[in-house]
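The block underneath contains the structure these notes are about, expressed in structure tokens.
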Amino acid sequence: MPDTASPSLDHYKRNAARLLKQARAGDAAALQRFQHLDNPPKDLHLKHALAVIAAEAGHDGWTALKHSTTGLDFSEFFGGHGLRDSLNPWFTNYDEAKAFQMDNGGVLLPYRHHFFVSSTAMLARLGFEEDHADWQAIGFDFVRPASAESQTRIKAGLHRRFFPA
């Protein structure tokens with residue numbers, strides 16, 4: 040996944056599953072990570088690995104971590120239905136994508152392990168004006184935003200628009 044300001048919930052789940060697998064295989068470093076729990080269990084389960092991952096991410100538990108994320112995996116979001124019919128320059132390297140964006144304008148977005156630059160006109164399809172203040176504040180760069188707070192507001196807006204409660 041590209042370098043983003045905050046990993047997705049799926050990212051944390053995958054890390055927890057990997058940690059559990061390593062611990063069950065007897066990996067000493069993985070087992071040591073479980074010792075930081077208040078009451079380290081004898082039998083390890085996914086819920087314990089989730090608690091470890093949440094604690095390492097600075098949260099009181101898995102529930103707190105879940106509430107701190109939007110639940111959207113932005114590594115694939117911008118390539119989803121209704122957004123992938125435009126022709127955009129694609130890059131495997133962030134620095135090349137950023138240089139292209141700096142020379143040509145547009146919005147730098149992630150897709151899996153790649154990057155693409157789209158016209159700011161795409162923002163209307165996402166529910167934002169082309170000159171939206173939060174998009175300006177992040178430098179139209181969703182991968183390495185200039186303002187984490189503005190990116191958080193953008194993510195919340197995308198979540199409300201595309202995944203209403």
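Residue numbers (the working numbering): 40 to 204. Glycine included, every Cβ here is placed at the ideal spot set by N, Cα and C.
Measuring C-alpha to C-alpha distances from GLU135 to each of PHE117, LYS86, VAL182 identifies VAL182 as the nearest. Bounds of the alpha helix (DSSP H) holding HIS198 are 187 to 201. Restricting attention to alpha helix (DSSP H) runs no shorter than 4 residues, the stretch 130 to 164 encloses them at 133 to 143, 161 to 164, ordered along the chain. Counting only residues of its own chain and dropping the five nearest sequence neighbours on each side, THR131 has a CB closer than 8 Å to the CB of HIS152, HIS153, PHE154.
Using a Cβ distance threshold of 8 Å, SER158 and ALA176 do not count as a contacting pair. Counting along the chain, VAL91 sits inside the alpha helix (DSSP H) bounded by residues 85 to 95. DSSP places ASP49 in the helix class (H, G or I) of the three-state scheme. Contact check for GLY100 against ALA88 fails: the beta carbons are separated by 8 Å or more.
Between ALA55 and ILE92, the gap from beta carbon to beta carbon is short of 8 Å.
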